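A.B. asks: One structure coming up, written as structure tokens, with questions to follow.
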Amino acid sequence: MTLPSRRHRRRRPDEPEPAAPPAVVDPAGDPAVAPAGGARGGSVVEASLYRDGRKVSSPTSLSETFRQLREEPDGMAWIGLQRPSEGELLSLAAEFDLHELAVEDAMEAHQRPKLERYGGTLFVVLRAARYLDAQEEVEFAELHVFVGPDFLITVRHGAAPDLSAVRRRMEDTPELLALGPEAVLYAILDAVVDGYAPVVAGVQNDIDEIETEVFRGDPAVSRRIYELSREMVEFQRATRPLVGMLHGLMAGFAKYGTEEELQRYLRDVADHVTHTSERVDGFRQALTEILTVNATLVTQQQNAEMRALAEAGFEQNEEIKKISSWAAILFAPTLVGTIYGMNFDHMPELHWVAGYPFAILLMALVCTSLYYVFKRRDWL
86 MTLPSRRHRR RRPDEPEPAA PPAVVDPAGD PAVAPAGGAR GGSVVEASLY RDGRKVSSPT
146 SLSETFRQLR EEPDGMAWIG LQRPSEGELL SLAAEFDLHE LAVEDAMEAH QRPKLERYGG
206 TLFVVLRAAR YLDAQEEVEF AELHVFVGPD FLITVRHGAA PDLSAVRRRM EDTPELLALG
266 PEAVLYAILD AVVDGYAPVV AGVQNDIDEI ETEVFRGDPA VSRRIYELSR EMVEFQRATR
326 PLVGMLHGLM AGFAKYGTEE ELQRYLRDVA DHVTHTSERV DGFRQALTEI LTVNATLVTQ
386 QQNAEMRALA EAGFEQNEEI KKISSWAAIL FAPTLVGTIY GMNFDHMPEL HWVAGYPFAI
446 LLMALVCTSL YYVFKRRDWL
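Under my numbering, the residues of the sequence shown are numbered 86 to 465, in order.
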């Protein structure tokens, strides 16, 4: 899928300018820095005009960019926006005849990666990613690209990717930039895909750390596995559609006879995307297996703790049996001695000559009997 050679419809010099879009108003009711199409400093990051791969000018507003592009029949405009206002997007849509559905998607963001064609314009949605070392998290950002015969518009909804580096690269290779908006689209795709490499390396390091924590028995590792698994789901949604998108672009490049060198570059990007997508699939599978192993280890640890508690309870019961047995044995002579230790004048056998030996014999007999009874029941 690629673009036809015709240029977008421009207004004639005698055709009136479109009405200026409304000023951007913040929640407090104050107007923003400038109305859409006004001086740069709002959402317009950079706007440049190129001819034959060389920068011709850097307009300071959207309206000036539109005017210079109309006056430059062989020029190409590259406009970069960061979270633009509705007025700015409507101004671009009026100038470059952008489809309302694509403009609506660019306004709302939260789109899946896709490649769509509206007449002579391609609309591309990409999901860039970067790895945050401090938080050990993956941050995703959305990038929308409008590609026409003589213009390219980027709409960023996040910090990644660094399109200023893409612009410098293209300006340093004018022979590539001279191939037109399709070359710039390739460079943006290449930057987005190259940005996945540090993310893959960071996630691989996280998985290695998680494996160590799992076998070390870290109680917080389950939460970390879950959070990383969620990020890998988002990563899959960002990379998997790119494979089909790039194959569609390659087919279009071949169909419309795009420069062979550019086709080779695009094939290289497609190879990198395929490799990244396979790595992400592998990460998800690895995290699923790690979660299973962690659950097994946690279950084993819980079983071991329950077994230890049961053994401790059994040993405690044995000790209680022994203490109870000896207490019963010692209670028998205490009972006999307590009875004959009562101070009453008229008690049976109180003046019996054999009373003392009888009491001692009775105590010994009771204690011995109790000892053998408890011994037979393994209480002693």
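Using N, Cα and C, we set each Cβ at its ideal position, and we do this for glycine too.
Here the structure is a predicted model, which is why all the values come from computation and not from measurement.
Could you give the DSSP three-state label for R168: helix, strand or coil?
C.D. replies: The sequence position of residue 168 within the sequence shown is 83, counting from 1. If DSSP states are grouped into helix, strand and coil, R168 belongs with coil.
A.B. asks: Which runs of the beta strand (DSSP E), 3 residues or longer, sit entirely within the region 358-438?
C.D. replies: none
A.B. asks: With respect to the alpha helix (DSSP H) encompassing S249, which residues constitute its N-terminal and C-terminal limits?
C.D. replies: Position 164 of the sequence shown, counted from the start, is the residue given in the question as residue 249. Looking at the DSSP string, the run of the alpha helix (DSSP H) that includes S249 is 248-257.
A.B. asks: Return the bridge partner residues of R215 from the DSSP annotation.
C.D. replies: Within the sequence shown, numbered from 1, the residue matching residue 215 stands at position 130. DSSP output for R215 lists E224 as bridge partner(s).
A.B. asks: For L372, which of V288, P418, G398, E346 has the nearest alpha-carbon?
C.D. replies: Position 287 of the sequence shown, counting from 1, holds the residue named residue 372. From the listed residues V288, P418, G398, E346, the smallest Cα separation to L372 is found for V288.
A.B. asks: Is A397 a contact residue of the ligand HEM, with contact defined as CB to any heavy atom under 6 Å?
C.D. replies: Summarising the ligand content, the structure contains no ligands, and the ligand HEM is consequently not present.
A.B. asks: Using DSSP with H/G/I as helix, E/B as strand and the rest coil, what is R197?
C.D. replies: Stepping through the sequence shown from its first residue, residue 197 is reached at position 112. Three-state DSSP puts R197 in coil, outside helix and strand.
A.B. asks: Can you find the residues in the same chain that come closer than 6 Å, C-beta to C-beta, to D275, ignoring five residues on each side of it along the sequence?
C.D. replies: What you label residue 275 is simply residue 190 of the sequence shown in a count that begins at 1. Excluding sequence neighbours, D275 sits near V354.
A.B. asks: Around the C-beta of A412, are 16 or more other C-beta atoms found within 10 angstroms, so that it is buried, or is it exposed?
C.D. replies: Counting from one through the sequence shown, the residue named residue 412 turns up at place 327. A412 comes out exposed.
A.B. asks: Can you grab the Cα-Cα spacing for the pair R325 / K199, in whole Å?
C.D. replies: Residue numbering aside, residue 325 sits at position 240 when the sequence shown is read from its first letter. Residue numbering aside, residue 199 sits at position 114 when the sequence shown is read from its first letter. Going by the C-alpha atoms only, they are around 11 Å apart.
A.B. asks: With contact counted as at least three CB pairs below 8 Å, one residue from each stretch, are the region 224-240 and the region 362-371 in contact?
C.D. replies: no
A.B. asks: When burial is assigned at 16 or more other CB atoms within 10 Å of the CB, is P259 buried or exposed?
C.D. replies: Reading the sequence shown from its first residue, position 174 is the one you call residue 259. Under this definition P259 is an exposed residue.
A.B. asks: Which residue from I375, V141, V232 puts its Cα closest to that of P158?
C.D. replies: Mapped onto the sequence shown, residue 158 falls at position 73. Its Cα nearest to that of P158, the residue V141 stands out among I375, V141, V232.
A.B. asks: In chain order, what residues of the same chain have a beta carbon less than 6 Å from the beta carbon of S143, not counting five sequence neighbours either side?
C.D. replies: Position 58 of the sequence shown, counted from the start, is the residue given in the question as residue 143. S133.
A.B. asks: Report the CB separation of R352 from M335 in whole angstroms; it is logged as a contact under 8 Å.
C.D. replies: Numbered from its first residue, the sequence shown carries residue 352 at position 267. Numbered from its first residue, the sequence shown carries residue 335 at position 250. Going by Cβ atoms, the distance from R352 to M335 rounds to 6 Å, so yes, they are a contact pair.
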